[in-house]
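Mapping the sequence shown onto our numbering, position 89 (from 1) lands on 182, and the numbers just tick up by one. We put the beta carbon where it would ideally sit given N, CA and C, even for glycine. Predicted, not measured: the structure shown is a model, and the values here were computed from it. A short write-up of the structure that comes next.
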Amino acid sequence: MKLTLDFEQGFEIAFERGKEGEEDLYTSKWILSSSLHHDIVKHLAGYVELFSEHVTHKEENPCLATFDFGFEFEVNEDLRLDTSMAVGLTESADDLNPFVGVTYRF
């Protein structure tokens with residue numbers, strides 16, 4: 094969603110259900126996130142995001158929440174490089190989780 098001053102707002106609501114481990118245990122996850130994006134200079138953008146994941150069968154620490162921030166560099170129309178850091182907000186989240194990625198569109 095486009096906002097004023099060239100900011101963009103993004104939201105995600107997802108539900109996942111699948112088998113976990115070798116047991117016949119099926120898990121359900123709710124994923125919620127909200128992000129704010131902005132171009133910094135030509136071909137370089139930044140973002141901040143609040144992310145949460147709730148696993149329905151976990152009795153201890155069922156909710157994981159992070160504050161994420163990062164940068165995305167557009168090499169060309171089909172290739173992007175990105176780096177980010179997730180900062181844990183709950184006990185079940187890692188304190189810091191760095192990420193480096195490449196996106197290529199075929």
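query	result
Going by DSSP in three states, D187 sits in which element: helix, strand or coil?	coil
Please list, in chain order, all residues of the same chain as R173 whose beta carbon is under 6 Å from its beta carbon, the five residues on each side excluded.	E165, E167 and T196
Taking F199 as the reference, which of T183, H136, E170 and A138 has the closest Cα?	E170
What residue range does the beta strand (DSSP E) around E165 cover?	C156 to N169
Looking at the secondary structure, which residues open and close the beta strand (DSSP E) in which L174 lies?	L172 to G181
Tell me, to the nearest whole angstrom, how far the beta carbon of S177 is from that of F160; I am working on the premise that it is less than 8 Å.	Not quite, the Cβ-Cβ distance comes to about 11 Å (not below 8 Å), so this is no contact.
What number of angstroms, rounded off, separates the C-alpha of G111 from the C-alpha of I124?	14 Å
Hey, how far is the Cα of H130 from the Cα of T183?	24 Å
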